[in-house]
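In the numbering used here, the protein residues as written are 35 to 254.
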């Protein structure tokens, strides 16, 4: 099972500082975005927890974002992006079945009150053959244990190991296809090459030496 953080009870807590930290974290993730973007390119995508549209602006024009932080949603709309404000689960529930060819769910599932309910709703709004791109942080890693690099800001309700995430996606009907791991500070060409090698080889303890990961899963 996934691990809960007893200090956090809902997504409504501590959002003032969360907005800034989330934007900073997503810019760090852009180095590994190149691994997952091809799975969503050209598709109508629902970006759940889309921030100000950092990823959404790279997706097809008919894609839609949902963002709970009002300031971020407004910033994205100011760029001409289609972003729905308000609670992310209620936002997903507003769509009819089979509305999207893909779903981007990046670093949001650890914040929602009931991940299994959210994943079932995402499954519902996806077309058969649609792709889920799920991004999650790794709570237990060398950067936190030894180097004291900590980006867990107190808003995380759950922490998911790779095994936990795979079990949860399969329980809700998805079939996992691929996993990509994210290393810190890999924005330059050297770092990008290192991250590419990191994902090309099944290194021992790869999860422990990574900062985050992406799960690519399909709705059959």
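All C-beta atoms in this analysis are idealised placements derived from N, C-alpha and C, irrespective of residue type, glycine included.
Please read these numbers as outputs of a predicted model, since none were measured by experiment.
Judged by their CB atoms, residue 123 and residue 151 are nearer to each other than the 9 angstroms cut-off.
Secondary structure of residue 157 (DSSP, three-state): helix. CA-CA distance, residue 209 to residue 105, rounds to 35 angstroms. Straight through space, the alpha carbons of residue 125 and residue 155 are spaced by roughly 10 angstroms. Note on residue 77: 16 or more other CB atoms within 10 angstroms of its CB, so buried under the neighbour-count rule.
Here residue 173 carries a coil assignment [DSSP, helix/strand/coil].
Look at the region 104-152 and you find these whole runs of alpha helix (DSSP H), each 4 residues long or longer: 104-111 and 122-127.
Considering only 165, 170, 195 and 82, the residue with the shortest C-alpha distance to residue 207 is 165. Cα atoms of residue 93 and residue 174: separation of roughly 31 angstroms, rounded to the nearest angstrom. By the Cβ test, the region 103-120 is not in contact with the region 130-139, since fewer than three Cβ pairs between them sit closer than 8 angstroms.
Partner residues in the beta bridge of residue 99, as assigned by DSSP, are 81 and 117. Only residues of its own chain outside the window of five on either side were considered, and among them 210 have a CB closer than 6 angstroms to the CB of residue 200, listed in chain order. Around the beta carbon of residue 253, a 10 Å sphere encloses 16 or more other beta carbons of the protein chains shown; the residue is thus reported as buried. Judged by their CB atoms, residue 70 and residue 248 are nearer to each other than the 9 angstroms cut-off. Here the C-alpha atom of residue 192 lies approximately 32 angstroms from the C-alpha atom of residue 95. The beta carbon of residue 202 lies closer than 8 angstroms to those of 36, 149, 150, 153 and 194 in the same chain, with the five residues before and after it left out. Counting every other CB atom within 10 Å of its CB across the protein chains shown gives residue 79 a total of 16 or more, marking it as buried. For residue 92, the three-state secondary structure derived from DSSP is helix. Look at residue 242 here: in three-state DSSP terms it is coil, with no helix or strand label. A straight-line Cα-Cα distance of about 12 angstroms links residue 67 and residue 168. Counted as a single uninterrupted DSSP element, the beta strand (DSSP E) harbouring residue 214 occupies residues 208-216. Taking each of 235, 75, 196 and 83 in turn and checking the Cα distance to residue 146, the smallest one comes out for 83. Straight through space, the alpha carbons of residue 74 and residue 251 are spaced by roughly 12 angstroms.
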